[in-house]
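Residue numbers (UniProt numbering), protein chains in the order written: chain A, 1 to 316; chain B, 1 to 316; chain C, 1 to 316; chain D, 1 to 316. See structure below.
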């Protein structure tokens, strides 16, 4: 209607330079959009629910910035959310300081507590007698160096030097050099991203009751359709101790017959199945499955049954 | 075209008076039809396949007249056959003789070998020193008394006196007074008998290969849909030792959603599923199943999935 | 005590020349023993139970001489019986006649009804207008030719000419040239035949109740130990319609750890498990299983658990 | 040797007043012992491994102080650790200030970032325009009020007033009033706590490979023994993306036959099963199981099998 629509907004755990910001940089549609920095996952979800943002980038697995369980619980309880994409960000850290500072000058390190814990081995070895000042975020720790002299150095993501004029004293200081955080882009879009052959489907499933063997029954829904899980995690439902829901990632897209059929089985079994979305895998690895579960086997079976129901002679 | 169509023909293991004949008497449509007595199950099947008869009554379980394995194998290998009804006949025997004969006169007993074996306990006790002349059928044994004096008595079904003028020397002489044979009416009709709520579905399934656990995988197709089996039997496929097919009776009708869905799963799993028919149970006992597997749960799940695929918002 | 013990007795469905007799000829221990010909499986079982015979040869699968279901039921209900060996006999037939008779002379054929059915295709083609006189056994049919002229030819096992002076008019007249009957040697011996690596274990198992999924639960006992089944058959228990027991042959010997462990699981699951024996397979084919289920994996696991229970440090 | 042994040491995430400290207060043996305050879970584990402490109290589920995934990963990778007890601590917060401060005076709140997130709803409503200064721990936030005037109030555990002379401005300020954190006491003791009938067993299991259905196979080990799981969580093994181990809590003690047998099955199935311990449940709720899986059923089955292997006659 208007000549120029306002650009869409994306929410992320900011400020610019966080790992979440790195994840959002991988989204082509976010280029040229408004990026809204928020301070925790709850705010990001709220932005999507209220329509303030079209999408929110959220850490969902192995995060060093927290929020993973919170993300799963929000997806389980906030209706109308969908995962539309998955992104991987290597999690690494640098030690930064004001220009002119050397590592020998460092007596106090500013760091978000979780990042501090992730770099503990390096810090204890390189700076045996340092003190720690906690910061509200990885980026705030570094930015603070420019406004206060309480610390001489800060732990920050490698991209920090794009945002702040700081010197790198040491690189790759994380204890696990291969750490990766998995992020998902969450929106209210109900349209499904097209099937690419390298897709994931995320669901949350409650068991009907806590009778022994219920989880097994649930998994048989996947096994009898040849659907593989890449993640399963129990999360307390929260209404009383001992009731769990399961956060599950399946290989494949709901447009794959075997995935759709497994979802039907789950829906019949469970009092509550939440479909969180089918979306391309970050690693673009094609889904593998045995030929017995290919789409045409499903359509053949339906044709066969349709013939029986219609009273047609069997095809040789 | 013609004013009066010829009445349909039904084949049965005869002659009149056999247990198979008793079973055929339970079929309302067979009243007024032509009853064709044949001498074995193969002939009866052939009559149906060639169209000579519209139906054949065949013993399928626990028969004292043989033919059970043969029946299963014929159903597995002759294409185009369908079971359209199930009938139970109590299997009992009487000892008959020409009028005027007393039990003390009996020195030789004529009997079909299988019937003879079923009455062995009685015969050994009542006639410790009798001889046995084998007969081609239970009815032939009795009928022979009227044309030959080789035997003084015969083992026959209780209805024999409706067909032959003989005296009953002893009743209920079978070793197991509760023995029942299950018969099925086989036809080439592809139309399905209507669902009554007390139905059975018969199938034959081959396993994809002889890897351990294959049978378990097959049964999971039933378990995940809450479908109960009332019969399962392994039968050698016959092409080589150790390859088996399974003859299975399921509770329910292919018009029950859970049965239809289980058949879809089986068809995808197995290289060869033969649908033998859905038909009312002889005992008219309604099929029991937990509410989780009722038809509306299946249609609800399909509606839910359809909503996801169509991008509709979830219904609260 | 005595200098020369009386030779042991073996019972078989006779007379000499039957397929059961052929099976007994495969038993080395039966050489030089007394062979007792009986007229049905029940008699043979009774001989073993009473101690009259040390063993009975019984058809258990695919018999043309009947008795298979009867055998399974007897094993399920007669306590103290054990299967100690398995034997395969090719089931084939010849058409025999008195010397001097040609096939053109044959107008009436004497045959046991089941054998007659098995050769029907040949008889209908070679002797389109023949009559059939039923005989009490395959051997009696042939022997009768020498004492009566009611029939010109008889259907008999190939070995018949070792026992009776008859001429063979046609060989391999059975409809299925590869038919084989499986026999078992039954005794009261409680000692187990040694493990050969090519063994079978036969059991009969009742389900705890008829809840859906019970059979699946039973089969999981095998699947979780990598034990393969070569036969499973449901048999009505007989006390009321719809209650079944399962006759099962497992690959392996009860001295195999995985078989023993599966039996433990079954015994805990089922109200009634009958152990019928572990014995060498007739086909001498070594049992195949994945290394995960070899004996040493079982003993390693037990050692590991024992260490935990004893408070020992884990072995690296 | 010495007259008075030095009291044992317990490590906990300190300082005094943290939720972990509350958990340690529940351990009778820790009374009178030396309590060593450490700054993260890694340090606590290290204390146990090196023998510096006899036990470490560690948050394992639902923590607001972090460390849960780290705990699971440490238990999976540090050999020789055992869980010997489980403790529940209600997670709640108070808003504290220097005496004389009123809530209207509060402009800046000091709080550990995770605790801050947990109280966000209260803080946004009661103090709409407050600022946040992150602290290194919940206790440090409160203690800092006494040494610096940067903040007027702090978020702290309810027990804080036992340690610091502060005034409570608001109670129960956590968003979830029923939040509970589960802690475990970890030691190197290999002796097992006695079975109480209300026990848990914790294990970590790797799947043999990522073939579909492997998790199902694993769970069948529990289902076939009637063992219930109260927790299952997948954790990346860390060597490459997509390889998972499972952290599992079972109902019951390794001295329960069904648990021991399930562990045997798991050990045979999995390349790596870590036994983390059997210990009393914090909630003291007795383990429920169906009679079919009671200890005597297991011993009966073993007696039965032993009889078979020994060649003894079956007991009626």
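No residue lacks a Cβ here, since even glycine has one placed at the ideal position from N, Cα and C.
query                                                                                                                       : result
Inter-stretch contact (C-beta, 8 Å, three-pair minimum) for the region 174-186 of chain C and the region 140-149 of chain C : no
Close beta carbons around residue 66(A), own chain, < 7 Å, minus the five adjacent residues each side                       : With a pLDDT of 40 at residue 66(A), under the threshold of 50, the predicted position of this residue should be treated as unreliable, though the coordinate-derived value follows. Answer for residue 66(A): 114, listed in chain order.
Interfacial residues, the region 105-130 of chain A to chain B, with Cβ spacing under 8 Å                                   : none
Sequence ranges, alpha helix (DSSP H) only - wholly within the region 185-238 of chain D, length at least 4                 : 214-223
CB contact below 7 Å: residue 65(A) versus chain D                                                                          : Since pLDDT at residue 65(A) reaches only 44, below the 50 mark, its modelled position is unreliable, and the value read off the structure follows with that caveat. For residue 65(A), the answer is no, since every Cβ of chain D falls outside 7 Å of its Cβ.
Enclosing beta strand (DSSP E) for residue 82(C) [first to last residue]                                                    : 82-90
Chain C within 7 Å of residue 202(B), Cβ atoms only                                                                         : no
Where the UniProt domain "ACT" (203-281) of chain D meets chain A: residues whose CB sits under 8 Å from a CB there         : 210, 212, 213, 215, 216, 219, 220, 222, 223, 226, 227, 228, 229, 230, 231, 232, 233, 234, 236, 238, 241, 242, 244
Where residue 99(B) falls, given that 16 or more other Cβ within 10 Å makes a residue buried                                : exposed
Cβ-based burial, residue 31(C) [other Cβ within 10 Å; buried from 16]                                                       : exposed
Residue 261(C): first and last residue of the uninterrupted beta strand (DSSP E) it sits in                                 : Premise fails: residue 261(C) lies in the alpha helix (DSSP H), 257-269, not in any beta strand (DSSP E).
Beta-carbon separation (whole angstroms), residue 197(A) vs residue 287(A), contact threshold 8 Å                           : 7 Å
Residue nearest to residue 8(D) in terms of C-alpha spacing, selected from 33(D), 153(D), 291(D)                            : 33(D)
Top-ranked residue by Cα proximity to residue 279(A), from 232(A), 300(A), 207(A), 87(A)                                    : 87(A)
Residue-level contact to chain D via CB, residue 301(C), 7 Å cutoff                                                         : yes
Below-7 Å beta-carbon distance, residue 92(D) vs any chain F residue                                                        : No chain F is part of this structure, whose protein chains are labelled A, B, C and D.
Residue-chain proximity (residue 136(B), chain C), Cβ-Cβ < 7 Å                                                              : yes
Sequence-distant residues of its chain with Cβ nearer than 7 Å to residue 2(C) (five each side left out)                    : At residue 2(C), the pLDDT of 45 sits below 50, so the modelled position is not reliable; the number obtained from the coordinates is stated separately. Nothing meets the Cβ criterion.
Contacting residues, own chain, Cβ-Cβ under 6 Å from residue 204(A) (five flanking each side not counted)                   : 76, 245, 247, 274
Proximity to residue 145(D) [Cα-Cα], best of 235(D), 281(D), 164(D), 130(D)                                                 : 164(D)
Interface flag, residue 317(A) vs chain B, CB-CB below 7 Å                                                                  : In this structure chain A extends from 1 to 316, so residue 317(A) is not present and cannot be described.
Range covered by the beta strand (DSSP E) that runs through residue 244(D)                                                  : 244-251
Distance CB(residue 49(B))-CB(residue 56(B)) smaller than 7 Å                                                               : no
Option in 161(A), 236(A), 26(A) with minimal Cα separation from residue 281(A)                                              : 26(A)
At least 3 beta-carbon pairs within less than 8 Å: the region 217-227 of chain B vs the region 250-260 of chain B           : yes
Residue 173(B) (DSSP reduced to helix, strand or coil)                                                                      : coil
Min CB distance residue 139(D) to chain C below 7 Å                                                                         : no
For residue 8(C), the residue or residues it bridges with in DSSP                                                           : Looking at the DSSP assignment, residue 8(C) forms no beta bridge with any residue, so it has no partner.
Beta-carbon proximity list for residue 63(D), same chain, < 7 Å, skipping 5 on both sides                                   : Its pLDDT being 49, under 50, residue 63(D) is placed unreliably by the model, and nothing is read from it.
Cβ of residue 297(C) within 7 Å of any chain D Cβ                                                                           : yes
CB contact below 7 Å: residue 190(B) versus chain A                                                                         : yes
Beta-carbon proximity check, residue 92(C) vs residue 172(C), cutoff 7 Å                                                    : yes
Interface positions of the region 11-42 of chain C facing chain B (Cβ-Cβ less than 9 Å), listed along the chain             : 39, 40, 41, 42
Whole-angstrom C-beta distance between residue 10(B) and residue 37(B), which should lie under 8 Å                          : The Cβ separation is near 10 Å, so there is no contact.
DSSP state of residue 306(C) mapped onto helix, strand, coil                                                                : helix
Beta-bridge partners of residue 280(D), as assigned by DSSP                                                                 : 199(D)
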